[in-house]
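*Asks:* Before I ask anything, let me first share the structure, which is written out below as structure tokens.
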Amino acid sequence: MTEASLKGPVAELAEITHTHKRMVSLKALTWATLAIVAVMGWLYFILGFPPGFDTYYEIMYFHAIGIGIAALASYLIIDVFRLERIEPAIDFPISYRAFWAVVLAALGGLVYLSPSISNALPDIGLLLFILAFVLIGDVGGALFIELVLLPRKLAGVYVEESVNLFDYVGRLVPVSGADRRSYRAMNAGYWLALVSVGAAFLAGIAGFVNLWLRIAGPSIFSGWMNWLGLDSAGFQGATLDPHSHLMALAIMAGIVAAAAVSFGALSQSSRLRRTLVRAGLWIAIVGVIGTAAIMMAIAFLNFAPPTLFANGQDGVNGMAGDDAMMSVIGIGAMVVVVALLLDRQTWRDGIRLLVLGTWVAAMVLNVVEGFWIEFHEDQFQNAASANDAVFSVAQPMTGIFLLTGLSLLLLLVDHYGIAGRARQIVAAVAGLGLLGAFLGTTLWTFADPSNNGASFAIYVGGTALVYAVMVLGALAMRLVRVGRLALPAT
Numbered sequence: 003m004t005e006a007s008l009k010g011p012v013a014e015l016a017e018i019t020h021t022h023k024r025m026v027s028l029k030a031l032t033w034a035t036l037a038i039v040a041v042m043g044w045l046y047f048i049l050g051f052p053p054g055f056d057t058y059y060e061i062m063y064f065h066a067i068g069i070g071i072a073a074l075a076s077y078l079i080i081d082v083f084r085l086e087r088i089e090p091a092i093d094f095p096i097s098y099r100a101f102w103a104v105v106l107a108a109l110g111g112l113v114y115l116s117p118s119i120s121n122a123l124p125d126i127g128l129l130l131f132i133l134a135f136v137l138i139g140d141v142g143g144a145l146f147i148e149l150v151l152l153p154r155k156l157a158g159v160y161v162e163e164s165v166n167l168f169d170y171v172g173r174l175v176p177v178s179g180a181d182r183r184s185y186r187a188m189n190a191g192y193w194l195a196l197v198s199v200g201a202a203f204l205a206g207i208a209g210f211v212n213l214w215l216r217i218a219g220p221s222i223f224s225g226w227m228n229w230l231g232l233d234s235a236g237f238q239g240a241t242l243d244p245h246s247h248l249m250a251l252a253i254m255a256g257i258v259a260a261a262a263v264s265f266g267a268l269s270q271s272s273r274l275r276r277t278l279v280r281a282g283l284w285i286a287i288v289g290v291i292g293t294a295a296i297m298m299a300i301a302f303l304n305f306a307p308p309t310l311f312a313n314g315q316d317g318v319n320g321m322a323g324d325d326a327m328m329s330v331i332g333i334g335a336m337v338v339v340v341a342l343l344l345d346r347q348t349w350r351d352g353i354r355l356l357v358l359g360t361w362v363a364a365m366v367l368n369v370v371e372g373f374w375i376e377f378h379e380d381q382f383q384n385a386a387s388a389n390d391a392v393f394s395v396a397q398p399m400t401g402i403f404l405l406t407g408l409s410l411l412l413l414l415v416d417h418y419g420i421a422g423r424a425r426q427i428v429a430a431v432a433g434l435g436l437l438g439a440f441l442g443t444t445l446w447t448f449a450d451p452s453n454n455g456a457s458f459a460i461y462v463g464g465t466a467l468v469y470a471v472m473v474l475g476a477l478a479m480r481l482v483r484v485g486r487l488a489l490p491a492t
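Here the numbering used here is used: the first residue of the sequence shown is 3, the next is one more, and so on.
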């Protein structure tokens with residue numbers, strides 16, 4: 003794309019804003035965000051809550067970590083697909099908005115760290131989180147638009163002139179033949195990133211609705227709720243799980259997309275490996291689209307997914323229909339894992355092996371162990387109820403927050419080319435943390451559900467190591483002059 007072809011968006015906004023030369027790099031924003039996420043994670047265990055999040059304060063606090071993870075994923079997508087070169091040069095770029103969302107959420111989290119602090123500062127924590135949610139939601143929408151426009155801007159066929167808002171919205175749609183042809187050059191990594199960012203944005207909308215109901219009650223949603231036959235509590239419950247589940251899965255799928263592109267998996271010399279990677283990515287795309295459709299139907303249409311393979315008294319055992327669709331994303335990721343493991347280069351790189359290890363661990367914890375419990379609900383609702391309670395705590399803590407954050411850290415370490423001793427130390431600590439968190443979660447769930455046994459100690463130790471390695475990764479990015487990888491074409 004020529005320099006001249008990129009001047010349109012700047013000229014469009016020149017009358018209402020200044021241009022920006024990006025005084026803060028993505029690398030700096032990345033290491034700072036990693037440090038904030040690590041601190042918030044450590045504070046949770048040292049000063050804050052018990053190992054779970056069942057109360058309003060715990061749920062809100064963990065959004066500080068969740069927004070940090072979303073910001074890290076945004077930085078990675080921006081850099082892997084080189085979106086900064088086509089983003090309009092305004093004073094508040096996407097990456098800056100993401101970082102300020104992290105800062106505001108961290109401040110809000112500090113208020114919610116204990117009920118006594120929150121009670122002493124009424125509404126302050128909520129206000130900080132609302133601002134953070136608005137910013138990170140805007141990041142998701144802007145990132146989706148930039149990805150939609152990327153093929154046309156790369157091909158030089160994007161028409162940038164517009165006279166009003168309707169004209170601007172209209173030109174986002176690829177109408178002409180040249181517009182549509184530009185998308186043919188995009189690979190499966192791009193398409194998975196696009197649908198993942200779109201799904202995350204939809205999850206954010208469900209979260210906003212849930213928060214609105216908590217703050218303002220039914221208000222503007224009262225008519226819709228009456229049509230669905232739900233009261234305020236019922237509508238809150240309907241939007242809660244779709245928000246959290248879809249957001250987590252969308253970020254995980256985006257990580258797979260970014261890794262496939264950053265690792266050059268779609269341009270490998272082996273035709274078999276390339277085919278497997280493409281197949282895995284397209285399977286994940288189907289999973290993301292299907293999961294988003296089901297989650298939105300649950301949230302806003304009061305849809306109840308069927309139980310598959312139901313058995314036992316009153317069909318208590320069986321696979322939840324929405325979980326079955328979610329697992330398609332994991333299956334696609336596992337196909338990509340197989341393709342990458344067929345490359346000898348992967349086996350020589352501890353960081354990349356650990357990236358794949360986080361995906362496998364997430365698949366085992368979220369899908370294999372989750373389905374095992376679903377098919378034995380008659381036991382886990384009775385004699386093993388304590389085990390079920392532990393899994394409901396440990397699975398989201400480890401399978402969603404921890405493994406996603408660790409995978410992002412390792413990908414960013416690899417992406418920024420951190421080498422030598424720093425890379426070896428990060429790999430060693432991350433490996434121990436991954437092993438401890440995975441084994442600890444599994445043993446705590448199935449062997450000893452008490453909070454004073456060896457299983458729980460392994461779980462806490464592994465979690466602590468993961469947050470510690472985030473600090474190490476942040477220091478490595480801050481102190482080491484990193485070499486940038488030559489990224490393959492998107």
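Where a beta carbon is used, it is the ideal one built from N, C-alpha and C, also for glycine.
Report yes if the CB atom of VAL104 is closer than 7 angstroms to the CB atom of GLY70, and no otherwise.
*Replies:* Against the sequence shown, residue 104 aligns to sequence position 102. Against the sequence shown, residue 70 aligns to sequence position 68. Yes, Cβ-Cβ distance for VAL104 and GLY70 is below 7 angstroms.
*Asks:* Quick check on DSSP: helix, strand or coil for ASN304?
*Replies:* As a first step, residue 304 is located in the sequence shown; it is residue number 302 there, counting from the start. If DSSP states are grouped into helix, strand and coil, ASN304 belongs with coil.
*Asks:* For LEU274, count neighbouring C-beta atoms within 10 Å of its own C-beta (all shown protein chains included) and say buried if the count is 16 or more, exposed if not.
*Replies:* Your numbering for residue 274 matches position 272 in the sequence shown. By the neighbour-count rule (16 or more Cβ atoms within 10 Å), LEU274 is not buried but exposed.
*Asks:* Ordered along the chain, which non-local residues of its own chain (more than five positions away) have a Cβ less than 8 angstroms from that of LEU355?
*Replies:* Here residue 355 is taken as the residue at index 353 of the sequence shown, counted from 1. The residues are THR348 and TRP349.
*Asks:* So what's THR57 in DSSP terms, helix, strand or just coil?
*Replies:* What you label residue 57 is simply residue 55 of the sequence shown in a count that begins at 1. Note: THR57 maps to coil in three-state DSSP.
*Asks:* Compute the beta-carbon to beta-carbon distance between GLY1 and LEU268, rounded to the nearest angstrom, for a pair I have assumed lies under 8 angstroms.
*Replies:* Nothing about residue 1 can be read from this structure; the chain reaches only from 3 to 492.
*Asks:* Taking the alpha-carbon positions, what's the ILE217 to LEU242 distance?
*Replies:* As a working note, residue 217 is residue 215 in the sequence shown. As a working note, residue 242 is residue 240 in the sequence shown. Roughly 14 angstroms separates the two Cα atoms.
*Asks:* Within a Cβ cutoff of 7 angstroms, which residues of the same chain sit near ALA281, ignoring the five residues on either side of it in sequence?
*Replies:* Translated into positions along the sequence shown, residue 281 becomes position 279. For ALA281, where only same-chain residues beyond five positions count, the Cβ hits under 7 angstroms are VAL337.
*Asks:* Mind checking THR447: buried by the 16 CB within 10 Å criterion, or exposed?
*Replies:* Translated into positions along the sequence shown, residue 447 becomes position 445. Buried: at least 16 other Cβ atoms inside 10 Å.
*Asks:* For VAL498, I'd like the list of residues in its chain whose CB is within less than 6 angstroms of its CB, leaving aside the five on either flank, ordered along the chain.
*Replies:* This structure does not reach residue 498, given that the chain is present from 3 up to 492, and the question cannot be answered.
*Asks:* With a CB to CB cut of under 6 angstroms and the five nearest residues on each side skipped, what residues in its chain are close to VAL369?
*Replies:* Start at 1 with the first residue of the sequence shown, and residue 369 comes out as number 367. SER329 and GLY332.
*Asks:* From the DSSP output, read off the bridge partner residues of LEU310.
*Replies:* Locating residue 310 in the sequence shown gives position 308, where the first residue counts as 1. DSSP lists MET321 as partners of LEU310.
*Asks:* Would you decide whether ARG154 is buried or exposed? Buried here means 16 or more other CB atoms lie within 10 Å of its CB.
*Replies:* Numbered from 1 along the sequence shown, position 152 holds the residue referred to as residue 154. When all chains shown are included, ARG154 counts as buried.
*Asks:* Applying the criterion that 16 or more other CB atoms from any shown protein chain within 10 Å of the CB defines a buried residue, is GLN1 buried or exposed?
*Replies:* Given that the chain is displayed from residue 3 to residue 492, the structure contains no residue 1 and the question cannot be resolved.
*Asks:* Report yes if the C-beta distance between THR443 and ALA478 is below 7 angstroms; otherwise report no.
*Replies:* Against the sequence shown, residue 443 aligns to sequence position 441. Against the sequence shown, residue 478 aligns to sequence position 476. No, they are not a contact pair.
*Asks:* Could you give the DSSP three-state label for ALA421: helix, strand or coil?
*Replies:* Sequence index remark: in the sequence shown, residue 421 carries index 419 (1-based). ALA421 falls in the coil class under three-state DSSP.
*Asks:* Suppose you measure from the CA of ALA471 to the CA of SER76; what does that come to, to the nearest Å?
*Replies:* Locating residue 471 in the sequence shown gives position 469, where the first residue counts as 1. Locating residue 76 in the sequence shown gives position 74, where the first residue counts as 1. Sequence check: residue 471 is Val here, not Ala. Cα to Cα, VAL471 sits roughly 20 angstroms from SER76.
*Asks:* Helix or strand or just coil, what does DSSP make of ARG350?
*Replies:* Along the sequence shown, read from residue 1 onward, the residue named residue 350 stands at position 348. Looking at ARG350 - three-state DSSP - the assignment turns out to be coil, as it is neither helix nor strand.
*Asks:* Locate the alpha helix (DSSP H) running through GLU379, then write down its first and last residues.
*Replies:* By 1-based counting over the sequence shown, the position of residue 379 is 377. Looking at the DSSP string, the run of the alpha helix (DSSP H) that includes GLU379 is 379-382.
*Asks:* According to DSSP, is GLY266 part of a helix, a strand, or is it coil?
*Replies:* Along the sequence shown, one-based indexing puts residue 266 at 264. Coil, per DSSP.
*Asks:* Ends of the alpha helix (DSSP H) at ARG182?
*Replies:* Start at 1 with the first residue of the sequence shown, and residue 182 comes out as number 180. 179-184 is the span of the alpha helix (DSSP H), which, as asked, contains ARG182.
*Asks:* Quick check: what's the CA-CA separation for PHE55 versus ALA391?
*Replies:* Locating residue 55 in the sequence shown gives position 53, counting from the first residue. Locating residue 391 in the sequence shown gives position 389, counting from the first residue. Annotation note: pLDDT 47 at PHE55 (below 50); position unreliable, coordinate value reported separately. Straight-line Cα distance between these residues: approximately 12 angstroms.
*Asks:* Going by beta-carbon coordinates alone, are ALA202 and GLY139 separated by less than 7 angstroms?
*Replies:* For the purposes of this step, residue 202 is taken as residue 200 along the sequence shown, with counting starting at 1. For the purposes of this step, residue 139 is taken as residue 137 along the sequence shown, with counting starting at 1. For ALA202 and GLY139, no; Cβs fall outside 7 angstroms.
*Asks:* For a test of the three-state rule: what should DSSP assign to PHE83, helix, strand or coil?
*Replies:* Here residue 83 is taken as the residue at index 81 of the sequence shown, counted from 1. Three-state DSSP puts PHE83 in coil, outside helix and strand.
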